[in-house]
Amino acid sequence: MDAQLITNVRIVEPGQRIYPGQVLLRAGRIAAVEPAGAPAPPHATRLDGHGGLLTPGLIDVHTHGVMHSIYESGPEALLSAAKELGRFGVTYVIPTLVPRIEEAFLRKLEQIADAIPSVHGVRVPGLHLEGPFVAIPGAACATVDGDLGLLEELLAACRGRVSVMSVSPETPNVLPVIERLCERGIKVFLTHTRATVEQTQAALDAGATHATHFYDVFPAPAETEPGVRPVGVVETMLADPRATVDFIADGVHVHPMAIRAAVAAKGFEGVVLITDSNIGAGGPPGEHDTPWGYRVRIREGDAARHAEKNFLAGSALTMDRGIANLLRWLDLPAEQVWAMGTSNPARLLGLSGQGTLQVGAVADLVLWGEDLHPVLTWVEGECVYAREETGV
Ligand SMILES: [Zn+2]
63 MDAQLITNVR IVEPGQRIYP GQVLLRAGRI AAVEPAGAPA PPHATRLDGH GGLLTPGLID
123 VHTHGVMHSI YESGPEALLS AAKELGRFGV TYVIPTLVPR IEEAFLRKLE QIADAIPSVH
183 GVRVPGLHLE GPFVAIPGAA CATVDGDLGL LEELLAACRG RVSVMSVSPE TPNVLPVIER
243 LCERGIKVFL THTRATVEQT QAALDAGATH ATHFYDVFPA PAETEPGVRP VGVVETMLAD
303 PRATVDFIAD GVHVHPMAIR AAVAAKGFEG VVLITDSNIG AGGPPGEHDT PWGYRVRIRE
363 GDAARHAEKN FLAGSALTMD RGIANLLRWL DLPAEQVWAM GTSNPARLLG LSGQGTLQVG
423 AVADLVLWGE DLHPVLTWVE GECVYAREET GV
């Protein structure tokens, strides 16, 4: 593949700086990053970025669907969702499923896992299993005691393509599950929990590293002694330097002040943006079927909700809107906010050479318009999305 030089852009090096420059892509990697005005290499096609921001592609570690697709419905949904994600600036995604303990679900997991190598338009390393070893069901999760046999069945059905499993610290027998997952190189997130300080510390000792959709389905413990504020999993995750957290930054699930508190406790590097998006996210208002036996309703400015009972059922957020919200809400340098959708999730997943615009990194990148919507998105140096007016 020919080299491509993207000139006249403001390069976002997440967490570090934003500066005018140009980026050379070759063979799916970033071959050079130079200040503005550096001589162009011969034989490179040129693309004028018109002064737009150029960032690494966004990484979503917790999402159930987008537009007309819900990952859990089968391999077709995975393949079609993958084609939509570039328009939201997402280049790397961990499709999130809510495991049910039934034979038919295991067969579906096999089909979805088998389809992963055929995905085009976004990179998918593996699946995120939200449950079944959680303590509070939330909108759909099974709540099952820790069981290594069941864990192995689930991992086998996923053909080993599991990147993340979310569990609760207070689930009986969960510690051997956490240890087994860590042995397999699978990241363990904590969620759907009202765990105590001690239970949370034990989960961290066993190898859990992160809390997902922090504050959501983390009920506050009840006051047992009037005048004494109870503490639990939330305070432990904020205080423990081993732990990081993520948020659904849609303005519905979490108050921006809660995100500010987490940034104050953990530094910007300890906070990650997710969508936890459901079917319909990024699309027009409407209602959609789900595999969980109910329909969800998507409305402007709201989350995804159970169409009849109105409870929250994931979000209608996309990563680009989440970044725009965080830029508005957090009093932080923009490069630190961009880190929450790029280098921070890359670090969380243990990825090197990703979530950055440094030489040698994978050429997953996004050129942004003034309106903070993507103009062009590249995955491994290949343009997977071009906003219509660009004519690219
Ligand atoms: Zn979820």
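Residues in the sequence shown are numbered from 63 upward in steps of one, following my numbering. Yeah, the Cβ is synthetic: ideal placement off N, Cα and C, and Gly gets one too.
Legend entry - residue 340 burial status per 10 Å Cβ neighbour count (16 or more: buried): In the sequence shown, counting from the first residue as 1, residue 340 sits at position 278. It counts as buried.
Legend entry - Heavy atom of ligand 1 within 7 Å of residue 122 beta-carbon: The residue labelled residue 122 in the question sits at position 60 within the sequence shown. Residue 122: no, Cβ never under 7 Å from ligand 1.
Legend entry - Closest residue to residue 140 among 166, 287, 210, 159 (Cα-Cα distance): Here residue 140 refers to the residue found at position 78 of the sequence shown. The residue with the shortest Cα to Cα distance from residue 140 is 159.
Legend entry - Candidates 249, 157, 149, 292, of which the one nearest residue 449 by Cα: The residue labelled residue 449 in the question sits at position 387 within the sequence shown. Among 249, 157, 149, 292, the Cα nearest to that of residue 449 belongs to 149.
Inset, instruction - Look at the alpha carbon of residue 239 and the alpha carbon of residue 84, and state the distance between them as a whole number of angstroms. - result: Taking the first residue of the sequence shown as 1, we reach residue 239 at position 177. Taking the first residue of the sequence shown as 1, we reach residue 84 at position 22. One C-alpha to the other measures close to 46 Å.
Legend entry - Pocket of ligand 1 (residues with CB nearer than 5 Å to any heavy atom), chain order: 192, 338
Inset, instruction - Use the C-beta contact count for residue 227: other C-beta atoms within 10 angstroms, 16 or more gives buried, fewer gives exposed. - result: Along the sequence shown, one-based indexing puts residue 227 at 165. With 16 or more Cβ atoms within 10 Å of its Cβ, residue 227 is classed as buried.
Legend entry - Whole alpha helix (DSSP H) elements within the segment 249-296, 4-residue minimum: The segment 249-296 contains these whole alpha helix (DSSP H) runs: 259-268.
Inset, instruction - Compare the beta carbon distance of residue 378 and residue 365 with 8 Å and say whether it is the shorter of the two. - result: Walking along the sequence shown from the start, residue 378 turns up at place 316. Walking along the sequence shown from the start, residue 365 turns up at place 303. Taking 8 Å as the Cβ cut-off, residue 378 and residue 365 qualify as a contacting pair.
Inset, instruction - Less than 8 Å between the CB atoms is what I'm expecting for residue 401 and residue 330, so what's the real figure, rounded? - result: Counted from its first residue, the sequence shown places residue 401 at position 339. Counted from its first residue, the sequence shown places residue 330 at position 268. With 8 Å as the limit, residue 401 and residue 330 qualify as a contact, their Cβ atoms being about 6 Å apart.
Inset, instruction - Flag this pair as yes or no: are the beta carbons of residue 425 and residue 147 separated by less than 8 Å? - result: Here residue 425 corresponds to residue number 363 of the sequence shown, with the count starting at 1. Here residue 147 corresponds to residue number 85 of the sequence shown, with the count starting at 1. No, the Cβ-Cβ distance between residue 425 and residue 147 is not below 8 Å.
Inset, instruction - Quickly, what does DSSP pair residue 411 with across the bridge? List them, please. - result: Position 349 of the sequence shown, counted from the start, is the residue given in the question as residue 411. Partner(s): none; residue 411 has no beta bridge.
Inset, instruction - Would you check if there are 3 or more beta carbon pairs closer than 8 Å linking the segment 120-129 to the segment 161-168? - result: Output reads no: the segment 161-168 does not touch the segment 120-129.
Legend entry - Stretch-stretch touch, CB-based, cutoff 8 Å, three pairs: the segment 428-448 with the segment 97-117: yes
Legend entry - residue 210 - containing alpha helix (DSSP H), residue span: Taking the sequence shown and counting its residues from 1, one reaches residue 210 at position 148. Element bounds for residue 210: 210-219.
Inset, instruction - Could you tell me which uninterrupted beta strand (DSSP E) segments, each at least 3 residues in length, are contained entirely in the segment 95-135, listed from first to last along the chain? - result: 106-110, 115-118, 120-125
Legend entry - Beta-carbon contacts of residue 136 that lie in its chain and below 7 Å, excluding the five residues immediately before and after: If you number the sequence shown from 1, residue 136 lands on position 74. Excluding residues within five positions, the ones whose Cβ falls inside 7 Å are 170, 173, 174.
Inset, instruction - Identify whether residue 387 lies in helix, strand or coil by the three-state DSSP scheme. - result: Residue numbering aside, residue 387 sits at position 325 when the sequence shown is read from its first letter. In the structure shown, residue 387 sits in a helix (DSSP, three-state: H, G or I).
Legend entry - Neighbourhood of residue 102 by C-beta distance below 7 Å, restricted to the same chain and skipping five residues each side: Position 40 of the sequence shown holds residue 102. Around residue 102: 67, 108.
Legend entry - Local Cβ density within 10 Å of residue 276, reported as buried at 16 or more and exposed below that: Within the sequence shown, the letter at position 214 stands for residue 276. Classification for residue 276: buried.
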